[in-house]
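Numbering (our numbering), first residue to last: 12 to 442. Some notes on the structure that comes next.
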């Protein structure tokens, strides 16, 4: 497929030039910045909530000669307020007049249509992400895509299409799986690869926290507006906690294990969610990876409960502990003796993913990592499908056979949607 890079062909062509095969990499080191190309990189953001503004701030903080020049959100006021906050931190890196701020469900198209924008940050609710990322690649943009990249098998297949198209078009897709760029995570995986714990036997991973936000319905809101505004609580938008939040731990497990699991079996339920929330508030899944290696996974969002967030990988000669956030990764041998440790900084990792993206654009060596994040996203979806249905779900079924497509066939801002409902094992079908 030929991509239309439209206006400023010399500039756009230079930014998209590649010196060889497109690199799919866990991390592109800052040596890419050695390129003498320091031309201004123009950034647009789609989704101006907390994660969108955070991603913009990370990019502007770590990169030189970049500028935010366009923004879109269903609510224009979100863009304006976030732009004001960002401009106070980065006054020389924002040029965002009102005629480049777009609202509504189709505002993102105006960002993608702008031929001067080089990089688009995609930070909408996850349900929109597969289609939006694909359209961005079709428009010749480099993309930063937040996690998860899909919430159902249909979206997964769109992600694979976008990944392949980005490779063909020499454009980058970097994803918001910051642990893959955090020193203590990278160091731990390297130690495991080098045999520091022997052969991997299994693992446990937890993302157990307290409550999550909920936005009540305001008078006059349509079904669509209400659900998009309260997106965490509707599965077509968030994918439930296992996909929207616990994807980080699941991605680490896929990274450690070298790919996705073969099957998932699990359970869970809900005790504390608001009446119209479709979310469960806890899930426990056993993921079986090749070699009959079992990963015991739990996630929970219940107020007043004990939080537990981290990963433990068990080997034949030792155990590796990789905590969440800015913790210290460690390895103990079978006698309990500490044989390795490394500190990490999650703030630096959040910024590093944006530096890698901009460096790759300037060096003409695209990073395309959408597939691995889509694999992890579908792993989370597979676990959810198993818990919701009460049945074993295989990777083959989820990736190749399932027809599940949660995105509404008709979506208008003033439109209606089916009454919210939550899954009941034994009654909810596996499709």
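Ideal Cβ placement from N, Cα and C applies to all residues, glycine included. Quick caveat, the model's predicted, so the values are computed rather than measured.
Keeping to the same chain, check which residues put their C-beta closer than 8 Å to that of residue 89; ignore five residues upstream and five downstream. 59, 60
Between which residues of its own chain and residue 43 is the CB-CB distance below 8 Å, once the five residues before and five after are set aside? Any reading at residue 43 must be qualified, since the residue scores a pLDDT of 43, below 50, and its modelled position is unreliable; the value itself is stated next. So the list reads 367, 370, 371, 373, 374, 376, once near-sequence residues are dropped.
Identity of the residue in 294, 356, 386, 429 nearest residue 401 by Cα: 294
So, for residue 437: in the same chain, excluding its five sequence neighbours on each side, which residues have a beta-carbon less than 7 Å away from its beta-carbon? 401
contact_flag[the segment 195-208, the segment 158-166] where n(CB pairs < 8 Å) is 3 or more: no
Determine whether the beta carbon atoms of residue 132 and residue 213 lie at a separation below 9 Å. no
In chain order, what residues of the same chain lie with their CB nearer than 6 Å to the CB of residue 56, ignoring the 5 residues before and after it? 63, 67, 82, 132
Roughly how many whole angstroms lie between the Cα atoms of residue 300 and residue 148? 32 Å
Would you mind working out which of 215, 111, 241, 158 sits nearest residue 259, comparing C-alpha positions? 158
Could you check the C-alpha separation between residue 244 and residue 344 for me, to the nearest Å? 43 Å
Among residues of its own chain, excluding the 5 on either side of residue 313, which ones have a beta-carbon nearer than 6 Å to its beta-carbon? 283, 292
So the candidates are 231, 425, 439; which of them puts its Cα closest to the Cα of residue 115? 425
List the DSSP bridge partners of residue 215. 307, 323
For residue 382, three-class secondary structure by DSSP: helix
Sheet register partners of residue 79 (DSSP bridge): 54, 105
Count the CB pairs spanning the segment 352-366 and the segment 175-194 that are closer than 8 Å, and state whether there are at least three. yes
Can you give me the C-alpha to C-alpha distance between residue 27 and residue 118, rounded to a whole angstrom? Note that residue 27 scores a pLDDT of 37, beneath 50, so its modelled location is shaky; the value from the coordinates is reported in the next line. Answer to the nearest angstrom: the Cα atoms are 25 Å apart.
In the DSSP assignment, find the beta strand (DSSP E) that holds residue 353 and state where it starts and stops. 349-354
Starting from residue 259, follow the alpha helix (DSSP H) in both directions and report where the run begins and ends. 258-268
Work out the CA separation of residue 253 and residue 391 for me, nearest whole Å. 6 Å
Contact between the segment 235-242 and the segment 418-432 (3+ Cβ pairs under 8 Å): yes
With H, G and I counted as helix, E and B as strand and the rest as coil, what does DSSP make of residue 220? strand
Entirely enclosed alpha helix (DSSP H) segments - the segment 108-177, minimum 4 residues: 118-124, 140-149
Inter-residue spacing [alpha-carbon to alpha-carbon] between residue 126 and residue 185: 20 Å
According to the neighbour-count rule (16 or more other Cβ atoms, all chains shown, within 10 Å of its Cβ), is residue 225 buried or exposed? exposed
May I have the straight-line CA-CA distance separating residue 251 from residue 281, to the nearest angstrom? 12 Å
Quick check on DSSP: helix, strand or coil for residue 200? helix
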